[in-house]
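Reviewing the structure listed below.
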Amino acid sequence: MNLLHAIRAAASGSALMLAANAMAMSPSVDDLDLVPMHAVPQAISSKAVAAAEAVKGAGPYPIAANVDLPVSLNMGLWDRSDDGRARWRARAYSAGAQMLILEFKQFELPAGADLWIYAADGHSVRGPFTQANQTDEGTLWTPWVAGDTAVIELRVPDADRDAVALELGKLAHGFRNARDLGASGSCNIDTACSQGNEWRAEIRSEVKLQIPATLTVGLCSGTLVNTLRGDGTPYVLTANHCGIGTLGSPASGVVSYFNFDNSSCGGVDDASDAQSITGSTLRANDNGTDFALIELGSKPPSSYNVYYAGWDASGSGGNSGVGLHHPSGDAKKISVFTQPLQASSVQLQLLGPNIPAWRVPSWSQGVTEPGSSGSGLWNQNHRLVGTLSGGSSGCDGSSGNGLDDYYARIATQWKANNAASGQLKAWLDPDSSGQNQVAGRNAGAGSTSGGSSGGGASGGGGSGGGGAISPAVLLTLGLLALGRRRTPKFGKH
1385 MNLLHAIRAA ASGSALMLAA NAMAMSPSVD DLDLVPMHAV PQAISSKAVA AAEAVKGAGP
1445 YPIAANVDLP VSLNMGLWDR SDDGRARWRA RAYSAGAQML ILEFKQFELP AGADLWIYAA
1505 DGHSVRGPFT QANQTDEGTL WTPWVAGDTA VIELRVPDAD RDAVALELGK LAHGFRNARD
1565 LGASGSCNID TACSQGNEWR AEIRSEVKLQ IPATLTVGLC SGTLVNTLRG DGTPYVLTAN
1625 HCGIGTLGSP ASGVVSYFNF DNSSCGGVDD ASDAQSITGS TLRANDNGTD FALIELGSKP
1685 PSSYNVYYAG WDASGSGGNS GVGLHHPSGD AKKISVFTQP LQASSVQLQL LGPNIPAWRV
1745 PSWSQGVTEP GSSGSGLWNQ NHRLVGTLSG GSSGCDGSSG NGLDDYYARI ATQWKANNAA
1805 SGQLKAWLDP DSSGQNQVAG RNAGAGSTSG GSSGGGASGG GGSGGGGAIS PAVLLTLGLL
1865 ALGRRRTPKF GKH
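Next up, the structure:
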């Protein structure tokens, strides 16, 4: 599968936000006709979608186009909620949208107030968003809501109405279904299949990332990783080229979806998007080694049953192992390699850096696709050794096309530069223990578990830049790229 991309350099900083869906809420939709509707003109949304698709290689796999839609508190309906608090509601609408994502350019709530977002049929309930979700930027990006209409509902004590600062700034018009169940190629393998039996723990560490950008909202994959301290700090490792922290792509706007897996192998597409955490802080990133490490706004609740993945930064590769990822935003998939990893390098854009990478010569089962960028690669010792930068693999009917993929090496990300903001070591080994690998652990476990304690075997192929790499042609923002340049897992030609 041919893919298109332009890498984005990441920047620092954002405030924390907390987990959504913390409490149950059953919205009343019987009287929605009374609630003011604010619609995006279809001509504007169509133009925005066309613009988003035209630059689809410039960030995460795009699923929605951003459109300005200002809605302030004087543009909604005030009444009283069933719990006695003052209630404010408004509706946001964009014709033809498969789903909607909202950005509030002002979000400041007093104690005792909460904000909810839901679909017009009362489903896709997101929230509560509270005072604890406030960021340094004063903004809020929401998880997606199914359909073309989103209902915004604020509940606040009467005495505190004047303390609310709430204004919608943008609506992201979903031109793809954010769930994208069944959207990936038919050669992809559900994690519920037998190939995942030895990897049940690691499967619980892989997450789907919703990332805002200037023109679009897009998707990448990432991995919840353990630290040598084993304290459950919720770090997620992904690719720098996913753009988190760049202008228009604040880390505080990232939404992480957990356990987005189908329940059966090749059966019904029933993955649930109910488990999410809104917001993060960018802790470290590096363009030359293509990594970004974010800290989530809160630890995943115990009900998420997450796993903190083990990793190996010693420089060892692997003789076999798996990749876990969300191709085309689909339910989580597993890919299997049975040939030794090859030490190589990958260039993702003209004049871009040569990123030290593990080359997967070909997958014995499964592939990767747009949306898989940033996902993890594990060796036979159940250690994470790389994060997906790009490649050429894809489905050819019900089989893989036999082409290669490239994973940026955790060993070179470990101390990519001397600053803490440019390396993994400062965050994953905060006590400077001198160790460079750790086993995985279950949330709440007193010690690490899962996998052996030894390092993985070194892969063949020589030193960085080695290995036979066939020529590839990549058009990135109008530039012709040749040789070892490989296509990131973003938009498609």
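All residue numbers for the sequence shown refer to my numbering, where the first residue is 1385 and numbers rise by one. Ideal Cβ placement from N, Cα and C applies to all residues, glycine included.
For residue i, the nearest candidate out of the options (CA to CA)
i	options	result
S1636	S1430, G1784, M1483, F1491	F1491
M1483	F1513, R1471, A1449	A1449
A1827	D1615, F1721, Q1764, N1643	D1615
L1708	S1648, A1585, C1626, D1564	A1585
Q1819	A1795, G1806, A1803	A1795
Y1692	L1418, E1679, A1434, P1454	E1679
A1800	N1624, E1753, G1672, P1724	G1672
L1555	D1542, G1531, V1548	G1531
L1453	V1535, T1526, V1424, G1558	V1424
G1650	H1625, L1593, S1782	S1782
D1780	L1612, C1571, D1505	C1571
D1417	G1736, V1535, G1694	V1535
K1592	C1626, T1598, I1739, T1600	C1626
L1550	K1489, Q1807, T1771	K1489
G1699	K1683, Q1659, L1725	L1725
A1697	L1524, A1792, F1559, N1669	A1792
V1529	I1501, V1620, A1543, E1753	I1501
D1654	A1576, I1718, Q1749	A1576
G1681	D1674, S1687, T1665	T1665
F1721	P1740, G1786, I1739, S1757	G1786
A1432	A1470, D1466, G1480, D1467	G1480
A1470	N1517, G1758, V1540	V1540
G1736	S1773, Q1749, G1758	S1773
N1624	I1485, S1757, S1816	S1757
A1658	P1618, Y1688, Q1518	Y1688
D1829	N1738, G1775, V1690	According to the sequence displayed, residue 1829 carries Ala and not Asp. The residue with the shortest Cα to Cα distance from A1829 is V1690.
Residue i - partner residues in DSSP beta bridges
i	result
E1337	Shown here, the chain extends from 1385 to 1877; a query on residue 1337 therefore has no answer.
I1355	Since the displayed the chain opens at 1385 and closes at 1877, residue 1355 lies outside it and no answer follows.
R1473	L1461, E1537
G1707	S1719, L1761
T1662	V1639
P1618	P1618 is not bridged to any residue.
I1587	Answer is none; I1587 lacks a bridge partner.
S1478	V1424
A1668	L1677
R1545	Paired residue(s): none; R1545 is not in a bridge.
S1456	E1551
E1492	A1549
I1595	G1602
C-alpha gap between residue i and residue j, whole angstroms
i	j	result
T1533	R1475	7 Å
V1652	I1573	13 Å
M1762	V1769	Sequence check: residue 1762 is Trp here, not Met. C-alpha separation (whole angstroms): 6 Å.
L1677	R1464	43 Å
N1458	G1713	37 Å
V1822	V1439	39 Å
R1878	Q1515	No information on residue 1878 is available, as it lies outside the stretch 1385 to 1877 that the chain covers here.
S1478	S1412	21 Å
F1559	A1803	40 Å
D1498	F1513	5 Å
F1675	P1685	26 Å
L1608	A1427	41 Å
V1730	L1808	20 Å
P1814	R1613	7 Å
G1496	I1485	25 Å
F1642	D1466	32 Å
S1728	P1740	6 Å
Y1619	S1589	11 Å
Residues of its chain near residue i, where Cβ-Cβ distance is below 6 Å and the 5 sequence neighbours each way are ignored
i	result
W1472	G1460, W1462, L1538
P1745	Q1723, D1788
G1632	A1597, T1598
A1436	P1446, A1449, L1599, T1600
A1562	I1447, M1483, W1528
N1639	Note that residue 1639 is Val in the sequence shown here, rather than Asn. Excluding sequence neighbours, V1639 sits near P1527, Q1594, S1660, T1662.
S1812	Here residue 1812 turns out to be Leu, not Ser, going by the sequence shown. Excluding residues within five positions, the ones whose Cβ falls inside 6 Å are T1611.
S1456	E1551
G1755	Y1445, L1603, H1710, P1711, S1712, G1713
Sequence-distant residues of its chain with Cβ nearer than 7 Å to residue i (five each side left out)
i	result
Q1882	Because the chain here runs from 1385 to 1877, residue 1882 falls outside it and cannot be looked at.
A1567	S1712, G1713, D1714
S1842	Note that S1842 scores 26 on pLDDT, short of 50, meaning its location in the model is unreliable; the coordinates nonetheless yield the value given after this. Same-chain partners within the cutoff: S1700, G1701.
L1565	D1653, A1655, D1714, A1715
S1508	Y1502, V1529, A1530
T1617	T1611, E1679
S1817	L1612
Contacting residues, own chain, Cβ-Cβ under 8 Å from residue i (five flanking each side not counted)
i	result
G1784	C1571, S1746, W1747, Q1749, G1750, V1751, S1777, G1778
G1542	For clarity, residue 1542 is Asp in the given sequence; the question names Gly instead. Taken in chain order, the residues that qualify are R1469, A1470.
V1451	V1424, I1428, S1429, A1432, S1478, K1554, L1555, A1556, H1557
Which complete beta strand (DSSP E) runs does the stretch 1737-1761 hold, if anything under 3 residues is left out? For the stretch 1737-1761, whole beta strand (DSSP E) runs of length 3 or above, ordered along the chain, are 1738-1744.
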